[in-house]
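The structure appears below as structure tokens.
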Amino acid sequence: MGQSIPLTLFYDGACPFCMREIAWLRQHNDKKFLSFVDISEASFNANDYGLNNDEVNKVLHAQWASGETLRGMEVTRAVYNLIGLGWLVNFTGWPVFNCVFDKLYMSFAKRRILLGSIFSASTNKSCSINEKKHE
Numbered sequence: 051m052g053q054s055i056p057l058t059l060f061y062d063g064a065c066p067f068c069m070r071e072i073a074w075l076r077q078h079n080d081k082k083f084l085s086f087v088d089i090s091e092a093s094f095n096a097n098d099y100g101l102n103n104d105e106v107n108k109v110l111h112a113q114w115a116s117g118e119t120l121r122g123m124e125v126t127r128a129v130y131n132l133i134g135l136g137w138l139v140n141f142t143g144w145p146v147f148n149c150v151f152d153k154l155y156m157s158f159a160k161r162r163i164l165l166g167s168i169f170s171a172s173t174n175k176s177c178s179i180n181e182k183k184h185e
């Protein structure tokens, strides 16, 4: 019997910021502990994974091979631990920081598309808004 991938990460392929992070994670997934599912794909059905579509679109989700679901910052901590970089984020789960970082993540999650668009525009040599104006 083949070995299953320990953690499936559900990401929003329509979010520029999310796509940069996923590209980076794919490069660091040397041990193949992560699999990736794009929730923006037309074929994606949250029910296939026992998840709620509205929730998956609001908050980062991941699922262990056992079926246990993670949400928000706990996903980030699990992912970074699997790729060997847990030391970068583990402190966000400590009791004195947990509540703060969970709230910061939720604030980010609500604005991720806007922030991703700003981030993408600031890293391009030209501004797509100006290009559309001059067409």
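For the sequence shown, the positions run 51 to 185 when my numbering is used.
Backbone N, C-alpha and C define an ideal beta-carbon position, used for all residues, glycine too.
All values reported here derive from a predicted model rather than from experimental measurement.
Determine the extent of the alpha helix (DSSP H) in which residue i is found, giving its start and end residues.
i, result
"Tyr155", "145 to 160"
"Val129", "123 to 132"
"Phe67", "66 to 77"
Tell me whether the beta-carbon of residue i lies closer than 8 Å to the beta-carbon of residue j.
i, j, result
"Phe86", "Arg162", "no"
"Asp88", "Gly63", "yes"
"Gln113", "Tyr99", "yes"
For residue i, count neighbouring C-beta atoms within 10 Å of its own C-beta (all shown protein chains included) and say buried if the count is 16 or more, exposed if not.
i, result
"Val150", "exposed"
"Gly122", "buried"
"Leu57", "buried"
"Arg127", "buried"
Rounded to whole angstroms, what's the CA-CA distance from residue i to residue j? Just pull it up for me.
i, j, result
"Val129", "Leu120", "10 Å"
"Lys47", "Leu138", "There is simply no residue 47 to check, as the chain begins at 51 and stops at 185 in what is shown."
"Phe140", "Glu124", "Inspection of the sequence shows that residue 140 is occupied by Asn rather than by Phe. For Asn140 and Glu124, the distance between alpha carbons rounds to 10 Å."
"Met69", "Leu110", "13 Å"
For residue i, is the beta carbon positioned less than 7 Å from some heavy atom of the ligand SAM?
i, result
"Ser93", "No copy of the ligand SAM occurs in the structure displayed, which carries no ligand at all."
For the beta strand (DSSP E) that residue i lies in, which residues bound it at each end?
i, result
"Val109", "Here Val109 belongs to no beta strand (DSSP E), and DSSP marks it neither H nor E."
"Tyr61", "57 to 61"
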